[in-house]
Structures are given as C-alpha cells and as structure tokens.
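Chemist:
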C-alpha cells in the first residue's frame with residue numbers, strides 16, 4: 001500500500017456501521033429524483049407550488065407534491081399555511097435544507113469539472 005493509499009485508509013477506518021448507514025441514508029435522500037432540483041428552486045426563491053412547478057421542468061404535480069411532503073418530513077422544507085381566502089401554502093428551505101445545499105456545492109463543482117474532461121477522466125493536476 002502506498003503512503004497516499006494508507007492515508008486514505010486511515011481517514012476512513014474509524015467510520016463504524018452506524019456512520020455508514022447514516023451516510024447511506026443521506027445519499028439516498030439527495031439521490032431521489034427531483035430532490036436536488038426542488039431544493040435548488042427553493043434556494044432560488046420559489047415559495048408557492050406553482051413556482052416550484054415552473055422551476056422544476058418535467059415534474060408532475062403529483063410527484064412534486066409527494067417530494068415536497070418528503071422534504072418537509074425530512075426537515076429540509078418548511079410548509080406554512082396562510083389562512084386567507086383562498087388558503088395559501090408556502091414552502092421554503094429550512095436551515096438544514098440550506099446547509100445541505102451548501103454541502104452539495106463542492107459535489108456540483110466536482111461534477112462540472114468531470115464533465116469538462118473527456119470521458120469523465122480526472123482533470124490534469126495543477
């Protein structure tokens with residue numbers, strides 16, 4: 001094993017089964033279809049259902065409603081009912097939702113770098 005491989009191994013050797021399951025749950029959460037686009041729409045200012053629908057091209061109303069409910073249950077979107085006539089419902093990212101998007105930014109950057117190289121090969125070292 002090289003020194004670099006050994007350093008990588010040491011960094012991750014303390015991750016226990018619980019940590020691995022928690023990590024897997026997080027990956028499944030952000031990997032659900034449309035979840036990232038919905039969170040991004042909220043970060044960009046969408047608040048009403050129709051604004052989310054307009055921002056997330058291709059999603060059905062049923063699936064958007066389902067994902068918003070899931071994100072609310074996961075604590076990433078807050079649903080606010082405004083008693084008026086007609087009743088208004090607003091959705092906004094929670095603090096955790098904003099933190100998740102900030103944590104995903106390096107992954108987005110990494111994905112852009114990989115797309116800009118042939119066959120997704122790693123970019124040349126600087």
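In full-length UniProt numbering, the protein residues as written are 1 to 126.
Using N, Cα and C, we set each Cβ at its ideal position, and we do this for glycine too.
Note that the structure is a prediction, hence the values are computed from the model and not measured.
1. Look at the Cβ atom of residue 63, then the Cβ atom of residue 53, and state whether they are nearer than 8 Å.
2. For residue 88, write down the residues that DSSP places opposite it in a beta bridge.
3. Might you give, ordered along the chain, the residues of its own chain that have their beta carbon closer than 8 Å to the beta carbon of residue 32, omitting 5 neighbours on each side?
4. Where in the UniProt domain "HTH hxlR-type" (20-119) do unbroken runs of the alpha helix (DSSP H), each at least 4 residues long, occur, reported from the N-terminal end onward?
5. Got a sec, what are the start and stop residues for the alpha helix (DSSP H) residue 6 sits in?
6. Helix, strand or coil: how does DSSP classify residue 17 here?
7. So does the region 91-105 actually touch the region 75-82, counting three or more Cβ pairs closer than 8 Å?
8. Using the beta-carbon count (16 or more within 10 Å), is residue 50 buried or exposed?
9. Assuming residue 40 and residue 100 are in contact, meaning their beta carbons sit under 8 Å apart, how far apart are those beta carbons, in whole angstroms?
Modeler: In brief:
1. Your numbering for residue 63 matches position 63 in the chain shown. Your numbering for residue 53 matches position 53 in the chain shown. Contact check for residue 63 against residue 53 fails: the beta carbons are separated by 8 Å or more.
2. On the chain shown, position 88 is the one that residue 88 refers to. According to DSSP, residue 88 shares a beta bridge with 82.
3. Within the chain shown, the letter at position 32 stands for residue 32. Within the same chain, and ignoring the five residues on either side of residue 32 in sequence, the residues whose Cβ sits closer than 8 Å to its Cβ are 67 and 70.
4. 35-43, 49-55, 61-73 and 95-115, all fully within the UniProt domain "HTH hxlR-type" (20-119).
5. If you number the chain shown from 1, residue 6 lands on position 6. That run of the alpha helix (DSSP H) goes 3-12.
6. Position 17 of the chain shown, counted from the start, is the residue given in the question as residue 17. Residue 17 falls in the helix class under three-state DSSP.
7. Three or more beta-carbon pairs separated by less than 8 Å link the region 91-105 to the region 75-82, which places the two stretches in contact.
8. As a first step, residue 50 must be located in the chain shown, where it is residue number 50. Looking at its Cβ environment, which holds fewer than 16 other Cβ atoms inside 10 Å, residue 50 is exposed.
9. Stepping through the chain shown from its first residue, residue 40 is reached at position 40. Stepping through the chain shown from its first residue, residue 100 is reached at position 100. In this structure residue 40 does not touch residue 100 by the C-beta definition: roughly 11 Å separates them, more than the 8 Å allowed.
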